[in-house]
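Right, one structure below, let's go through it.
Number of protein chains: 2
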Amino acid sequence: MVSKNQIKLISGLHQKKQRFVNQLFFAEGVKVIQELLQSNFELEHLYTTLNDFETVQSSKRTLINEQELKKISALSTPNSCLAVFKIPAEKKIIDSGLILALDDIRDPGNLGTILRLCDWFGIKQVICSKETVDIYNPKVVQATMGSISRVNVNYVDLNVFLAQTKLPIFGTFMDGDNIYQSSLPQDGIIIMGNEANGISSEIEKLVTSRLTIPRFGELQKTESLNVATATAIILSEFKRNS
Amino acid sequence: MVSKNQIKLISGLHQKKQRFVNQLFFAEGVKVIQELLQSNFELEHLYTTLNDFETVQSSKRTLINEQELKKISALSTPNSCLAVFKIPAEKKIIDSGLILALDDIRDPGNLGTILRLCDWFGIKQVICSKETVDIYNPKVVQATMGSISRVNVNYVDLNVFLAQTKLPIFGTFMDGDNIYQSSLPQDGIIIMGNEANGISSEIEKLVTSRLTIPRFGELQKTESLNVATATAIILSEFKRNS
């Protein structure tokens, strides 16, 4: 059974402020929870409707019914389980290899999909501007499908971070060089811009290599690619010859 | 003002069955509606909260207030306008060039994003299995950002269609050839599979070229790419040397 206080706590974790105050977040579904358990995330408590997760010590595991799960879940169709984890301390930034920097990505689904892509392409470090959606937002956690445990994410003042780096800084713009014909290094920072406004003008000034993904459809018609699909194309292009 | 009958009609169009019965669908937002008006879609009626769209004849245009828009909108935060269009007759399949075939794509956001990618990469023809989500679903129309007017989409029995084609048929699998090292033609059919199950076993038998997108992250960890991001990588790879 889940207590009223537990329901109150978990409901609070839907909001960024309460996640910060409690230093807790939650994940749903067997696959995502298993991946977090197997990595370095510290379990606070597991709520499950099934007699599963036998490896989790019984004091940290509560059997609940579907009505109770519905009360604490962020999903319209709840899975079978929900687990509350401690938010780990931010690790040191890995400042070599390919780094993805996100300039105010606001949509949780986009951030989750981007982290999944980073995991696929072996990108170890993601740098987010302070205005980027919180990675512990339940929709982000869900969309990462567990990748959150394998990509190092830091929130920084992006201007300050980029101003001090010695790595080349890549951004995509309408007037950039054709990415398919550019020589792309294995160390560098790739900036992805906000869904509506693209890369902000302050960040644009710090870009050292302007790239473009050529369009093949009717000119002037397709306005833009979704930021997650653009990230997919760019990471594929940086990695294909590595 | 919008009448009760109009509200009933438009609310019905949220469902596939009523779209089929009435042969109507709707789109929301200035950008998407403008793109549909400029292409060959026939306007049934436009509802707008602003005195815009002056080029639309007044008998087909109704000024409504925000409360009325909220009643007919499919969006949680309605835009300023909603337009009902006639569903056009399916055009003949263009059976040359690169064709994308969708084997039971169920998520409207994924289908919309895929159509936007096709538009970007100049893919003129998309073939959907009968189980693929309806392109006139409001969430698909919205996610296409207007691309729906520039990509020819047909719903067919995919097995039958693929069994008769003379074009090479490409699919991505865990055990396929590295897509980055494969010679990719400019004519062919690329199959994208269902979100949960991938390419179905019946369709897999018809594939003539098995490809794979290599993963660069930890082996056996990242289970899969989202179907829209996988489509982005595959289309980029087919088009980059064209």
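Chains as they are written, first to last, in our numbering: chain A, 11 to 252; chain B, 11 to 252.
Here a beta-carbon is modelled for each residue, glycine too, at the ideal position from N, C-alpha and C.
No experiment lies behind these values; they were computed from the predicted model shown.
**Asked** To which residues does DSSP link R225(B) through a beta bridge?
**Response** Stepping through the second sequence from its first residue, residue 225(B) is reached at position 215. Answer by DSSP bridge pairing: none, since R225(B) is not bridged.
**Prompt:** Is the region 130 to 138 of chain B in contact with the region 23 to 42 of chain B, if contact means three or more CB pairs nearer than 8 Å?
**Reply:** no
**Asked** If you pair each beta-carbon of the region 122 to 131 of chain A with each one of the region 84 to 92 of chain A, do three or more pairs fall below 8 Å?
**Response** no
**Completely contained beta strand (DSSP E) runs for the region 159 to 227 of chain B, where each covers 3 or more residues** = 162 to 166, 179 to 188, 198 to 203 and 219 to 222
**Prompt:** Taking buried to mean at least 16 other C-beta atoms within 10 Å of its own C-beta, is A173(A) buried or exposed?
**Reply:** Locating residue 173(A) in the first sequence gives position 163, where the first residue counts as 1. That one is exposed.
**Request:** Quick one: give me the first and last residue of the beta strand (DSSP E) that A37(B) is part of.
**Result:** To locate residue 37(B), count along the second sequence from 1; it is residue 27. Start and end: L34 to E38.
**Prompt:** Considering only the beta carbon of each residue, do F63(B) and F95(B) sit closer than 8 Å?
**Reply:** Against the second sequence, residue 63(B) aligns to sequence position 53. Against the second sequence, residue 95(B) aligns to sequence position 85. Their beta carbons are not under 8 Å apart, which means F63(B) does not touch F95(B) by this criterion.
**Message:** Residues in the same chain with beta-carbon distance under 6 Å from K215(B), minus the five sequence neighbours each way, listed in chain order, please.
**Reply:** Numbered from its first residue, the second sequence carries residue 215(B) at position 205. Same-chain partners within the cutoff: there are none.
**Request:** Under 7 Å between beta-carbons, which chain B residues line up against I243(A)? List them in chain order, please.
**Result:** As a first step, residue 243(A) must be located in the first sequence, where it is residue number 233. What I243(A) touches in chain B: A242, I243 and S246.
**Message:** Applying the 10 Å Cβ sphere with the 16-neighbour rule, what's the burial state of P118(B)?
**Reply:** As a first step, residue 118(B) must be located in the second sequence, where it is residue number 108. P118(B) comes out buried.
**Message:** Less than 8 Å between the beta carbons of I213(A) and A240(A), yes or no?
**Reply:** Translated into the one-based positions of the first sequence, residue 213(A) becomes position 203. Translated into the one-based positions of the first sequence, residue 240(A) becomes position 230. No, they are not a contact pair.
**Asked** Can you list, in chain order, the residues of its chain whose CB lies under 8 Å from that of Q196(A), leaving out five sequence neighbours each side?
**Response** The count along the first sequence starts at 1 and reaches residue 196(A) at position 186. Cβ neighbours of Q196(A) beyond the five flanking positions: G107, L108, F248 and S252.
**Chain-ordered neighbours of K208(A) on chain B, where CB pairs are closer than 7 Å** = Position 198 of the first sequence, counted from the first residue, corresponds to residue 208(A). First, the residue type needs correcting, since residue 208(A) is Gly and not Lys in the sequence shown. Residues of chain B passing the Cβ test: none, with the nearest at roughly 15 Å.
**Asked** How about the region 160 to 180 of chain B and the region 63 to 77 of chain B: do they share at least three Cβ pairs that are nearer than 8 Å?
**Response** no
**Asked** Where does D113(A) sit, in a helix, a strand or coil, going by DSSP?
**Response** As a first step, residue 113(A) is located in the first sequence; it is residue number 103 there, counting from the start. Correct three-state label for D113(A): strand.
**Message:** Taking beta-carbon pairs under 7 Å, can you tell me which members of the region 120 to 149 of chain A lie near chain B?
**Reply:** T123, R126, L127, D129, W130, F131 and G132
**Request:** Using three-state DSSP, classify K27(A) as helix, strand or coil.
**Result:** Mapped onto the first sequence, residue 27(A) falls at position 17. Looking at K27(A) - three-state DSSP - the assignment turns out to be helix.
**Request:** Specify, as a first and last residue, the run of the beta strand (DSSP E) that Q67(B) falls within.
**Result:** The count along the second sequence starts at 1 and reaches residue 67(B) at position 57. Q67(B) -> no beta strand (DSSP E), and no H or E assigned at all.
**Message:** Within a Cβ cutoff of 7 Å, which residues of the same chain sit near T123(A), ignoring the five residues on either side of it in sequence?
**Reply:** Numbered from its first residue, the first sequence carries residue 123(A) at position 113. So the qualifying residues of the chain are A153 and A238.
**Alpha carbon of E100(B) to alpha carbon of N204(B), nearest angstrom** = Residue mapping note: residue 100(B) aligns to position 90 of the second sequence, counting from 1. Residue mapping note: residue 204(B) aligns to position 194 of the second sequence, counting from 1. Spanning the two alpha carbons is a distance of roughly 23 Å.
**Identity of the residues DSSP links to I137(B) by a beta bridge** = In the second sequence, the residue the question calls residue 137(B) occupies position 127. Paired residue(s): A111(B) and N164(B).
**Item:** alpha helix (DSSP H) segment containing E54(A), residue limits
**Value:** Counted from its first residue, the first sequence places residue 54(A) at position 44. Where E54(A) is concerned, there is no enclosing alpha helix (DSSP H), although the beta strand (DSSP E) it sits in stretches over L53 to T58.
**Request:** Could you spell out where the alpha helix (DSSP H) holding L125(B) opens and where it closes?
**Result:** Within the second sequence, the letter at position 115 stands for residue 125(B). That run of the alpha helix (DSSP H) goes P118 to W130.
**Message:** Taking its Cβ as the centre, do 16 or more other Cβ atoms sit within 10 Å of A206(A), making it buried, or is it exposed?
**Reply:** In the first sequence, counting from the first residue as 1, residue 206(A) sits at position 196. Exposed, by the Cβ-count rule.
**Message:** So for K41(B), helix, strand or coil by DSSP?
**Reply:** One-based indexing of the second sequence puts residue 41(B) at position 31. Reduced to three states, the DSSP call for K41(B) is helix.
**Prompt:** Sorted by chain position, which residues of the same chain lie with C-beta nearer than 6 Å to L60(B)'s C-beta, five sequence neighbours on each side aside?
**Reply:** Sequence index remark: in the second sequence, residue 60(B) carries index 50 (1-based). Same-chain partners within the cutoff: S90.
**Asked** Does any CB atom of chain B fall closer than 8 Å to the CB of R116(A)?
**Response** As a first step, residue 116(A) must be located in the first sequence, where it is residue number 106. It does not: the Cβ of R116(A) has no partner Cβ on chain B nearer than 8 Å.
**Prompt:** Between F183(B), S219(B) and L53(B), which lies nearest to S234(B) when the distance is taken from Cα to Cα?
**Reply:** On the second sequence, residue 234(B) is found 224 positions in, with the first residue counted as 1. Nearest of F183(B), S219(B) and L53(B) to S234(B), Cα basis: F183(B).
**Message:** Bridge partners for F95(B) per DSSP, in chain order?
**Reply:** Within the second sequence, residue 95(B) is the residue found at index 85, counting from 1. Per DSSP, F35(B) and L53(B).
**Request:** Quick one: measure Cβ to Cβ for R110(A) and I200(A), integer angstroms, because I've assumed they're closer than 8 Å.
**Result:** Here residue 110(A) corresponds to residue number 100 of the first sequence, with the count starting at 1. Here residue 200(A) corresponds to residue number 190 of the first sequence, with the count starting at 1. Going by the sequence as given, residue 110(A) is Leu instead of Arg. Right, their Cβ atoms sit about 5 Å apart.
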